[in-house]
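A.B. asks: Take any residue in the sequence shown, count from 1 to its spot, add 1: that is its number in this note's numbering.
First the structure, which I've put down as structure tokens, then a few questions once you've had a look.
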Amino acid sequence: TRNGQDREEAQRQQSERDRLYAVNTLALRFFRESLQRTRLALDYTNQRGLAHETLEQFGIGYAPDDWTALSGYLRAQKIHLEDAEKAGLVFASRRGDGTYTDKFRGRLMFPIVDIQERIVGFGGRLLVPAENAPKYLNSPETPIFSKSKILYALNRGKKAVEKADQALVVEGYLDAVACHQAGIPNVVATLGTSLTDEHVRLIRRYTHHVVLSFDADDAGVRAALRAAALFAANTGAGTAGESGTLRVLSLPPGEDPDSLIAKGEVAAFRKAVEAALSVPEFRIKTILARCDTRTDEGKMAFLREALPVVAVIPSVLEQDLLLRRLASYHPAFSSGGSRAEESLRAEITRLRENGSLQGAAEGDNRGASAPLRGEIVIPPRRGGGSATGRPLYPRHAPRDAPVPYSDAPPPPRRTAAENAERTLLRALLSPEWAPLIVGRITENGASIFAQPRVARLADALAPLIAGHIEPSRALDQIADEELRDFASEIALGDTEDAPLSDEVIADCLRALKLRQIRAVNQEIVRAQREGNVALSDEELRQWTQRSRAAKNGAAPEP
2 TRNGQDREEA
12 QRQQSERDRL
22 YAVNTLALRF
32 FRESLQRTRL
42 ALDYTNQRGL
52 AHETLEQFGI
62 GYAPDDWTAL
72 SGYLRAQKIH
82 LEDAEKAGLV
92 FASRRGDGTY
102 TDKFRGRLMF
112 PIVDIQERIV
122 GFGGRLLVPA
132 ENAPKYLNSP
142 ETPIFSKSKI
152 LYALNRGKKA
162 VEKADQALVV
172 EGYLDAVACH
182 QAGIPNVVAT
192 LGTSLTDEHV
202 RLIRRYTHHV
212 VLSFDADDAG
222 VRAALRAAAL
232 FAANTGAGTA
242 GESGTLRVLS
252 LPPGEDPDSL
262 IAKGEVAAFR
272 KAVEAALSVP
282 EFRIKTILAR
292 CDTRTDEGKM
302 AFLREALPVV
312 AVIPSVLEQD
322 LLLRRLASYH
332 PAFSSGGSRA
342 EESLRAEITR
352 LRENGSLQGA
362 AEGDNRGASA
372 PLRGEIVIPP
382 RRGGGSATGR
392 PLYPRHAPRD
402 APVPYSDAPP
412 PPRRTAAENA
422 ERTLLRALLS
432 PEWAPLIVGR
442 ITENGASIFA
452 QPRVARLADA
462 LAPLIAGHIE
472 PSRALDQIAD
482 EELRDFASEI
492 ALGDTEDAPL
502 SDEVIADCLR
512 ALKLRQIRAV
522 NQEIVRAQRE
532 GNVALSDEEL
542 RQWTQRSRAA
552 KNGAAPEP
């Protein structure tokens, strides 16, 4: 019966999950034992100030810099390595000879534990930098692990979060561990990914009050604003309210929780948490950082971006507080603070009446482009505006001022498929990623690459890497100097190259598979129109299935 089949399937899935939990538990034992035998890893943990008790509490270990250390250990423990592969710990050779290679090598290992105290995955920090190897590497998505649904250290910190009625969300494993060791246990960390709806709902089981701690660089600012919008959408947080509060930690540039605590500045860090900014304050601070307010032009640029942020704040009291702060940047402030505030209020009213606030509440500042009264707007030059965020021309410039630009055509941008090929080739040149993709860059014996140099280099490297030769040594065996120079160019990367990750590589593989399918489909249609070919029903069925699978994201992930 259908119910009987459903029960059998549920039992099969539960059995698989139980095996994966067991594999992860054995892997943790191996990593913990390896840490005690490895001077490099112990020196690193001592350098980071991690106490022996902390290493024990968090189960921190070490993955040897060896291709088969873990897989050999698991095999000796009578573990089916197919289960270890499903757990994301090893991957099978594409030669089909039954050999397996470790995914984590030369990394400090952090077990990821769910709130039921089950080991669902691992995060690994590289100890010795390697070209194109990611600093942090997480377990891939598995039947028991999803990065978007778990927060690191929540299993240890959930009671403290409830007691403090506040969660401090940090970015890295070491940030969270350092906070717990310093006696600040209401701390959790994301797993190298942005906060998700599931994360927000998970936190709300324990508290409605959150402080975000992100890096002070541009990426950290963008992540904080995205997280703020997510919390606002899910909880109404963002400013003080009945549904909760959301604030953003403002640390000195270059500092993070781990670095401050390592310096012994635990009290300073606690004060920073207490003084965390509201989301509007944080947004205004980031705008101020990129505007030169020593000039009238810079002040006007700052106010033009900041006013829409204030205009969408529902609390009148918070609006008044921020407007008083903004008034000091108004050109009329020297004539009296009240006059400057009145001008800013009038500008907010105009923005609302003109409907110029679209997007301002979400943090993208699309509503910040309207000029202040009396400001002359001159179109930006071709190719974009000022890199500093300041106006390109002073507001007192004449209306007929020329707008300089270059007529030289911009360099041609690479297509998405070309970028995907370069990203996969960069992964092939990386000792960390090469074993994961070497068997996936061919389709039916043919290279999936279309760019001639990319295909030539990949064809030369792939057989060597498949034979467990490191990419750098494989490259030394290539006689073509032009190809070696091209490999150096790819390995260095540029601004269009995406950082390597499981998700990025899977997306690149999927994009190239879709390109192949589209090309073949176009050829079939053309040939049919010319009457040169007639496909059987079975051939049409197979192509339909492959196209649908690729479009649905069924391309194999590394």
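Just so it is clear, CB atoms sit at the ideal spot from N, CA and C, and this is done for glycine as well.
State the Cα-Cα distance for the pair Asn47 and Ala333, rounded to the nearest angstrom.
C.D. replies: Here residue 47 refers to the residue found at position 46 of the sequence shown. Here residue 333 refers to the residue found at position 332 of the sequence shown. For Asn47 and Ala333, the distance between alpha carbons rounds to 56 angstroms.
A.B. asks: May I have the straight-line CA-CA distance separating Arg223 from Val201, to the nearest angstrom?
C.D. replies: Here residue 223 refers to the residue found at position 222 when the sequence shown is read from its first residue. Here residue 201 refers to the residue found at position 200 when the sequence shown is read from its first residue. Computed Cα separation, rounded: 17 angstroms.
A.B. asks: Assuming Pro281 and Val249 are in contact, meaning their beta carbons sit under 8 angstroms apart, how far apart are those beta carbons, in whole angstroms?
C.D. replies: Looking up residue 281 in the sequence shown gives position 280. Looking up residue 249 in the sequence shown gives position 248. No, Pro281 and Val249 are not in contact; Cβ-Cβ is about 10 angstroms, not under 8 angstroms.
A.B. asks: Would you list the residues sitting across from Thr143 in a DSSP beta bridge?
C.D. replies: Reading the sequence shown from its first residue, position 142 is the one you call residue 143. Looking at the DSSP assignment, Thr143 forms a beta bridge with Phe146.
A.B. asks: Starting from Tyr74, trace the alpha helix (DSSP H) both ways and give me its first and last residue.
C.D. replies: Numbered from its first residue, the sequence shown carries residue 74 at position 73. Tyr74 -> alpha helix (DSSP H) spans Ala70 to Ala77.
A.B. asks: Of the choices Lys148, Ala70 and Gly184, whose alpha-carbon is the least far from that of Ala165?
C.D. replies: Start at 1 with the first residue of the sequence shown, and residue 165 comes out as number 164. Residue Gly184 is the option with its Cα nearest to Ala165.
A.B. asks: Indicate the three-state DSSP secondary structure (helix, strand or coil) for Arg248 in the structure shown.
C.D. replies: As a first step, residue 248 must be located in the sequence shown, where it is residue number 247. It is a strand residue.
A.B. asks: Compute the Euclidean distance between the alpha carbons of Thr39 and Phe232, then round it to the nearest angstrom.
C.D. replies: One-based indexing of the sequence shown puts residue 39 at position 38. One-based indexing of the sequence shown puts residue 232 at position 231. One C-alpha to the other measures close to 42 angstroms.
A.B. asks: Report back the beta-carbon spacing between Ser1 and Asp103 to the nearest angstrom; my notes put them in contact at under 8 angstroms.
C.D. replies: Any property of residue 1 remains undetermined from this structure, which presents the chain solely from 2 to 559.
A.B. asks: In whole angstroms, what separates the C-alpha of Leu327 from that of Ala290?
C.D. replies: Taking the first residue of the sequence shown as position 1, residue 327 is located at position 326. Taking the first residue of the sequence shown as position 1, residue 290 is located at position 289. Rounded to the nearest angstrom, the two C-alpha atoms are 14 angstroms apart.
A.B. asks: Is any heavy atom of the ligand NAP found at a distance shorter than 8 angstroms from the C-beta of Asp481?
C.D. replies: The model depicted lacks the ligand NAP and carries no ligand whatsoever.
A.B. asks: Looking only at DSSP bridge pairs, what is Val91 linked to?
C.D. replies: Counted from its first residue, the sequence shown places residue 91 at position 90. Its beta-bridge partners are Asp103.
A.B. asks: Run through the segment 310-342 for me and flag every whole alpha helix (DSSP H) of 4 or more residues, listed as ranges in chain order.
C.D. replies: Fully enclosed alpha helix (DSSP H) runs of 4 or longer: 317-328.
A.B. asks: Just to confirm the assignment, what range does the beta strand (DSSP E) spanning Gly50 have?
C.D. replies: For the purposes of this step, residue 50 is identified with residue 49 of the sequence shown, where counting begins at 1. Element bounds for Gly50: n/a, residue is neither H nor E.
A.B. asks: Considering only residues of the same chain and omitting the five flanking positions on each side of Ser94, which have a CB-CB separation below 6 angstroms?
C.D. replies: One-based indexing of the sequence shown puts residue 94 at position 93. Excluding residues within five positions, the ones whose Cβ falls inside 6 angstroms are Thr100.
A.B. asks: Please confirm whether Ile479 and Ala488 have their CB atoms less than 9 angstroms apart.
C.D. replies: Position 478 of the sequence shown, counted from the start, is the residue given in the question as residue 479. Position 487 of the sequence shown, counted from the start, is the residue given in the question as residue 488. Yes. Within cutoff.
A.B. asks: Out of Ala154, Glu354 and Lys272, which has the shortest C-alpha to C-alpha gap to Leu175?
C.D. replies: Working through the sequence shown from its first residue, we reach residue 175 at position 174. Among Ala154, Glu354 and Lys272, the Cα nearest to that of Leu175 belongs to Ala154.
A.B. asks: Can you tell me which of the three DSSP states Ala229 falls into?
C.D. replies: Residue numbering aside, residue 229 sits at position 228 when the sequence shown is read from its first letter. The answer is helix: DSSP assigns Ala229 an H, G or I state.
A.B. asks: How many Å lie between Asp503 and Gln182 at the Cα?
C.D. replies: Counting from one through the sequence shown, the residue named residue 503 turns up at place 502. Counting from one through the sequence shown, the residue named residue 182 turns up at place 181. Computed Cα separation, rounded: 31 angstroms.
A.B. asks: Asp481 to Ser149, Cα distance in whole Å?
C.D. replies: Mapped onto the sequence shown, residue 481 falls at position 480. Mapped onto the sequence shown, residue 149 falls at position 148. The alpha-carbon atoms of Asp481 and Ser149 are separated by roughly 44 angstroms.
A.B. asks: Cα-Cα, which of Leu213, Leu29 and Ala77 is closest to Phe123?
C.D. replies: Within the sequence shown, numbered from 1, the residue matching residue 123 stands at position 122. Checking every option, the nearest Cα to that of Phe123 belongs to Leu29.
A.B. asks: Per DSSP, which one or two residues make a beta bridge with Thr443?
C.D. replies: For the purposes of this step, residue 443 is taken as the residue at position 442 of the sequence shown. DSSP lists Ser448 as partners of Thr443.
A.B. asks: Under 8 angstroms Cβ to Cβ from Ile438, same chain only, skipping five residues before and after it: list those, please.
C.D. replies: For the purposes of this step, residue 438 is taken as residue 437 along the sequence shown, with counting starting at 1. Once the five neighbours on either side are set aside, the close Cβ partners of Ile438 are Leu425, Ala428, Leu429, Ile506, Leu510 and Pro559.
A.B. asks: Quick one: what's Arg126 bridged to in DSSP?
C.D. replies: Mapped onto the sequence shown, residue 126 falls at position 125. In the DSSP output, where bridge partners are listed per residue, Arg126 has Leu109 and Tyr137.
A.B. asks: What is the residue span of the beta strand (DSSP E) that Tyr63 lies within?
C.D. replies: The sequence position of residue 63 within the sequence shown is 62, counting from 1. Here the beta strand (DSSP E) through Tyr63 covers Gly62 to Ala64.
A.B. asks: Leu261 and Val211 - do their beta-carbons sit closer together than 9 angstroms?
C.D. replies: As a position in the sequence shown, residue 211 is number 210, starting the count at 1. As a position in the sequence shown, residue 261 is number 260, starting the count at 1. No, these two residues do not count as a Cβ contact at 9 angstroms.
A.B. asks: Look up Ala168 in the DSSP assignment and say whether it is helix, strand or coil.
C.D. replies: Here the question's residue 168 lines up with position 167 in the sequence shown. Three-state result, Ala168: strand.
A.B. asks: Please state the DSSP three-state secondary structure of Leu152.
C.D. replies: Position 151 of the sequence shown, counted from the start, is the residue given in the question as residue 152. Leu152 falls in the coil class under three-state DSSP.
A.B. asks: Quick one: what's His210 bridged to in DSSP?
C.D. replies: Translated into the one-based positions of the sequence shown, residue 210 becomes position 209. DSSP output for His210 lists Thr246 as bridge partner(s).
A.B. asks: Need the endpoints of the beta strand (DSSP E) that Ala190 sits in, please.
C.D. replies: Working through the sequence shown from its first residue, we reach residue 190 at position 189. Counting along the chain, the beta strand (DSSP E) containing Ala190 begins and ends at Val188 to Ala190.
A.B. asks: Put Leu278 into one of helix, strand or coil per three-state DSSP.
C.D. replies: Position 277 of the sequence shown, counted from the start, is the residue given in the question as residue 278. In the structure shown, Leu278 sits in a strand (DSSP, three-state: E or B).
A.B. asks: What does Ile120 pair with, by DSSP beta-bridge criteria?
C.D. replies: For this step, residue 120 is matched to residue 119 along the sequence shown. Note: Ile120 sits in a beta bridge opposite Val114.
A.B. asks: Measure from the alpha carbon of Ala23 to the alpha carbon of each residue in Ala230, Glu118 and Leu169, then state which is nearest.
C.D. replies: Residue mapping note: residue 23 aligns to position 22 of the sequence shown, counting from 1. Considering only alpha carbons, the answer is Glu118.
A.B. asks: Return the chain-ordered list of same chain residues with a C-beta closer than 7 angstroms to the C-beta of Leu82, the five sequence neighbours on each side being excluded.
C.D. replies: Working through the sequence shown from its first residue, we reach residue 82 at position 81. Ser72, Leu75, Arg76, Val91 and Tyr101.
A.B. asks: How long is the line joining the alpha carbons of Arg457 and Pro472, rounded to whole angstroms?
C.D. replies: Within the sequence shown, numbered from 1, the residue matching residue 457 stands at position 456. Within the sequence shown, numbered from 1, the residue matching residue 472 stands at position 471. Each residue's alpha carbon lies about 15 angstroms from the other.
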